[in-house]
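S.K.: Below is a structure I'd like to ask you about.
In this note's numbering, the protein residues as written are 1 to 310.
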């Protein structure tokens, strides 16, 4: 029996009529927080409640985050996750006043303190983008998704395996599939989202704005996608691929650079099998084949068709 592995990405949900693109997240923020000013460049301040907890005005936070991300993104937020690794805070730091001592000389110590204070404020506000993302995911209504006949006919629920990069339960609730591994988490759990960029500061080097390094590095680390941790958590899934998988179907998964390590693991674990990878007809087959070849794959790459994915 030729067992199959299905690699499921955002395009799968989208082809089922679900609003799961990053652009949909952007539209959700603007709609849900209608009082948010996306032209706001002021870093929100927290207030302290009677329990001593810091409380932020969500509209202020959303407005600031929209402005921050839009500086490095297109109107569709198509590179949202990678953008989280290259956020530009230069406007905020340049707005800080220069400090001078009594002799009229620049007081770099005070300026470093101000930089540090601003970085701390940013480190409390910016990571809330992850909370907002989880909040949005919970609003996605999969009850309107209609099963696709061709996909049903392809699937063997007993023997096939499913690696999903989606946070929704579309496979489980629309197709009644149980054997699904959600590598980035699922609704109701902590979601794995973020960039895969290198550390901001290597070997203790100073940044452009002295004093800000610790706070900015904290933001960078919080927004980093822990791929190594995800692989370790799901090691049994990858180890079990072995010689059992012969056909790999990719449905709605972009094979982006951020997720290459997952592809590499699949290729390595199935290297001894006579494996063929399949991509939807509308995909750029030669581009996907080059990605796989660069990761060490030496087998065949073919296309397949499912109605309604054109």
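For every residue, glycine included, the Cβ atom is placed at its ideal position computed from N, Cα and C.
Since the model is a prediction, treat every value here as computed from it, not as a measurement.
Quick one: using the 10 Å Cβ neighbour count with 16 as the cut-off for buried, is residue 257 buried or exposed?
M.R.: Exposed, since its Cβ has fewer than 16 Cβ neighbours within 10 Å.
S.K.: With burial defined as no fewer than 16 other Cβ atoms inside 10 Å of the residue's Cβ, what is the status of residue 60: buried or exposed?
M.R.: buried
S.K.: Taking a contact to mean a Cβ-Cβ separation below 8 Å, would you say residue 142 touches residue 173 in this structure?
M.R.: yes
S.K.: Give the single residue among 134, 295, 210 whose Cα lies nearest to the Cα of residue 116.
M.R.: 210
S.K.: What would DSSP say about residue 54, mapped onto helix, strand or coil?
M.R.: strand
S.K.: So does the stretch 211 to 227 actually touch the stretch 240 to 254, counting three or more Cβ pairs closer than 8 Å?
M.R.: no
S.K.: Once you ignore the five residues that flank residue 267 on each side, which residues in its own chain have a CB closer than 8 Å to its CB?
M.R.: 292, 295, 296, 297
S.K.: Determine the closest residue to residue 48 out of 41, 57, 42, with distance taken between C-alpha atoms.
M.R.: Scanning 41, 57, 42 for the CA closest to the CA of residue 48 turns up 57.
S.K.: Skipping 5 residues on each side, what residues in its chain have a beta carbon closer than 7 Å to that of residue 127?
M.R.: Answer for residue 127: 219, 222, 223, listed in chain order.
S.K.: Closest to residue 311 by C-alpha separation, out of 168, 82, 227, 178, would be which residue?
M.R.: As displayed, the chain neither begins before 1 nor continues past 310, which places residue 311 out of reach and without an answer.
S.K.: Taking residue 282 as the reference, give the member of 273, 250, 261 with the closest Cα.
M.R.: 250
S.K.: Nearest by alpha-carbon distance to residue 233: which of 184, 272, 253, 85 is it?
M.R.: 184
S.K.: Could you please give me the residues that DSSP links to residue 224 through a beta bridge?
M.R.: 195
S.K.: Taking the beta strand (DSSP E) that residue 248 falls in, what are its first and last residues?
M.R.: Looking at the DSSP string, the run of the beta strand (DSSP E) that includes residue 248 is 245 to 251.
S.K.: In this structure, does DSSP put residue 276 in helix, strand or coil?
M.R.: In the three-state scheme derived from DSSP, where H, G and I count as helix and E and B as strand, residue 276 is classed as strand.
S.K.: Within its chain, find whatever has a CB closer than 7 Å to the CB of residue 39; leave out the 5 residues flanking it on each side and keep chain order.
M.R.: 67
S.K.: As a quick exercise: from 259, 71, 99, pick the residue whose alpha carbon is nearest that of residue 109.
M.R.: 99
S.K.: Give the single residue among 288, 182, 135 whose Cα lies nearest to the Cα of residue 24.
M.R.: 135
S.K.: Closest to residue 202 by C-alpha separation, out of 254, 217, 194, would be which residue?
M.R.: 217
S.K.: Smallest Cα separation from residue 230: which of 252, 196, 254?
M.R.: 196
S.K.: Note the first and the last residue of the continuous alpha helix (DSSP H) segment covering residue 264.
M.R.: Unbroken alpha helix (DSSP H) run through residue 264: 260 to 269.
S.K.: With residue 181 as the anchor, note down where its beta strand (DSSP E) starts and where it stops.
M.R.: 180 to 182
S.K.: Just verifying my parser: in three-state terms, what is the DSSP assignment at residue 316?
M.R.: What the structure shows of the chain is the stretch from 1 to 310, and residue 316 is not part of that stretch, so it cannot be assessed.
S.K.: Tell me, please, whether the stretch 29 to 36 touches the stretch 82 to 102 by the rule of three or more beta-carbon pairs shorter than 8 Å.
M.R.: They do not touch, by the three-pair rule.
S.K.: What first and last residue would you give for the beta strand (DSSP E) that runs through residue 304?
M.R.: 300 to 304
S.K.: Taking DSSP's pairing of strands, which residues face residue 163 in a bridge?
M.R.: 7, 181
S.K.: State the Cα-Cα distance for the pair residue 120 and residue 89, rounded to the nearest angstrom.
M.R.: Taking C-alpha positions only, residue 120 is separated from residue 89 by approximately 13 Å.
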